[in-house]
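Some notes on the structure that comes next.
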Amino acid sequence: MNELMISEWERLWKRKVTWLMVAVLPIMAFASAKYYQKQNNSITSELPQYAVLGNFPVLGLSEMLMTIFNMVVLVIAAIIITEEYRSGQLRMVLIRTYSFQQIIIAKFTVLLSFIFLYLTAYFIICYGIGYAMFSHPETYPQFYYEDQVTNIEGLIYNLKFYGLAFLTLIAMSSVVFFIATISHSTTTTLGVGVGFLFISFSYPNIVNMLQLLLKNEIIMKIIFTSIPMIQWEGLTMMLAKSSSLLGWMFLMLLGYILLFNLLTFIVIKKRNIFL
91 MNELMISEWE RLWKRKVTWL MVAVLPIMAF ASAKYYQKQN NSITSELPQY AVLGNFPVLG
151 LSEMLMTIFN MVVLVIAAII ITEEYRSGQL RMVLIRTYSF QQIIIAKFTV LLSFIFLYLT
211 AYFIICYGIG YAMFSHPETY PQFYYEDQVT NIEGLIYNLK FYGLAFLTLI AMSSVVFFIA
271 TISHSTTTTL GVGVGFLFIS FSYPNIVNML QLLLKNEIIM KIIFTSIPMI QWEGLTMMLA
331 KSSSLLGWMF LMLLGYILLF NLLTFIVIKK RNIFL
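Counted the way our numbering counts, the sequence shown spans residues 91 to 365.
In structure tokens, the structure reads:
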């Protein structure tokens with residue numbers, strides 16, 4: 091099994107698209123930094139949205155997480171599952187007497203390993219760019235915190251934020267991996283995946299229009315059944331000093347992970363779709 095995972099890892103890094111995704115990381119961080127530099131000119135430093143060295147890793151990830159990072163998950167899943175099915179590479183792996191379950195587990199592990207590495211690299215790059223482009227105050231305001239935080243406290247907060255971000259990407263990976271498993275073309279995987287993201291972005295906005303009909307607590311819970319909404323607004327709420335929705339969002343993420351991994355297991359158990 092270890093040999094299979096090593097083989098899958100090596101095959102992933104033989105693809106040009108993998109290296110392209112890594113190459114754009116500094117560009118993503120720099121573009122985000124330029125945006126926040128411009129925003130700093132129009133807001134006061136007393137706001138948590140004001141970018142400094144300590145909070146830029148979080149600010150720099152907040153917008154990219156629900157867009158670029160989700161798309162990275164979608165593309166990687168498409169190429170290591172659907173494209174390999176179309177090209178016949180999976181048949182070559184099966185010749186080595188590995189079961190479907192072993193292959194899928196290895197590929198899912200490789201996907202999560204790549205996403206973890208991707209997040210870690212972005213975290214380090216954001217600190218480097220933040221050091222070069224923003225001020226270095228000893229304390230600064232934090233989302234949903236009454237008092238300012240020190241750089242050490244901010245570092246711990248940032249690590250927690252990235253940990254939760256990784257959890258949301260595990261949930262997204264579970265959904266996308268199921269889509270890739272049942273799709274017979276890369277186009278289908280990408281199309282259905284983008285459709286899932288679009289719906290996940292859209293229905294919270296529709297629910298917001300029902301404020302006169304539903305209690306605010308119910309509306310918030312419905313909104314935070316969406317993975318992108320948890321990524322966009324939920325993570326800072328989860329890290330607040332007190333959050334009534336912390337347990338709910340954890341439950342939703344774990345629900346996505348368990349449900350879609352179970353569905354994937356059922357599919358590969360019942361149907362030899364790659365033959």
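The beta carbon of each residue, even a glycine, is placed where N, CA and C say it ideally should be.
State the CB to CB distance for the pair residue i and residue j, rounded to an integer number of angstroms; the pair is presumed to be in contact (CB under 8 Å).
{"i": "His226", "j": "Leu143", "result": "5 Å"}
{"i": "Cys216", "j": "Ala119", "result": "5 Å"}
{"i": "Trp338", "j": "Lys311", "result": "6 Å"}
{"i": "Ile194", "j": "Ala123", "result": "About 39 Å separates the two Cβ atoms, so there is no contact after all."}
{"i": "Val239", "j": "Tyr247", "result": "7 Å"}
{"i": "Phe350", "j": "Ser264", "result": "4 Å"}
{"i": "Leu287", "j": "Pro318", "result": "7 Å"}
{"i": "Leu155", "j": "Tyr126", "result": "Incorrect: roughly 15 Å between the Cβ atoms, too far for contact."}
Comparing alpha-carbon positions, which option in the options lies nearest residue i?
{"i": "Ala222", "options": "Phe146, Asn92, Leu353 and Ile170", "result": "Phe146"}
{"i": "Met95", "options": "Gln139, Phe198 and Ser135", "result": "Phe198"}
{"i": "Leu257", "options": "Leu110, Asn160 and Asn131", "result": "Asn160"}
{"i": "Phe268", "options": "Asn92, Leu164, Arg105 and Val114", "result": "Leu164"}
{"i": "Thr326", "options": "Pro294, Phe233, Ile117 and Leu249", "result": "Phe233"}
{"i": "Leu207", "options": "Leu352, Trp109, Phe350 and Glu228", "result": "Trp109"}
{"i": "Leu115", "options": "Glu93, Gln139 and Ile158", "result": "Ile158"}
{"i": "Met262", "options": "Asn131, Gly345, Asn295 and Ile242", "result": "Gly345"}
{"i": "Ile358", "options": "Lys128, Thr271, Ala167 and Ile242", "result": "Thr271"}
{"i": "Ile260", "options": "Lys104, Ser135, Tyr293 and Met342", "result": "Met342"}
{"i": "Phe291", "options": "Ser275, Gln321 and Ala211", "result": "Gln321"}
{"i": "Ile169", "options": "Ser275, Glu236, Thr210 and Asn130", "result": "Ser275"}
{"i": "Ser189", "options": "Thr277, Val282 and Met91", "result": "Met91"}
{"i": "Trp99", "options": "Met111, Ala196, Pro138 and Glu323", "result": "Ala196"}
{"i": "Lys360", "options": "Thr229, Met328 and Gln191", "result": "Gln191"}
Report the three-state DSSP secondary structure of residue i (helix, strand or coil).
{"i": "Ile185", "result": "Confidence at Ile185 is low in this model, with a pLDDT of 48, below 50, so the placement of that residue is unreliable and no value is reported for it."}
{"i": "Arg101", "result": "helix"}
{"i": "Phe350", "result": "helix"}
{"i": "Lys305", "result": "coil"}
{"i": "Glu136", "result": "coil"}
{"i": "Phe316", "result": "The amino acid at residue 316 is misidentified as Phe; the sequence shows Ser. Residue state, collapsed to three classes: coil."}
{"i": "Gly220", "result": "helix"}
{"i": "Met262", "result": "helix"}
With DSSP as the reference, please indicate the residues paired to residue i in a beta bridge.
{"i": "Thr240", "result": "Thr229"}
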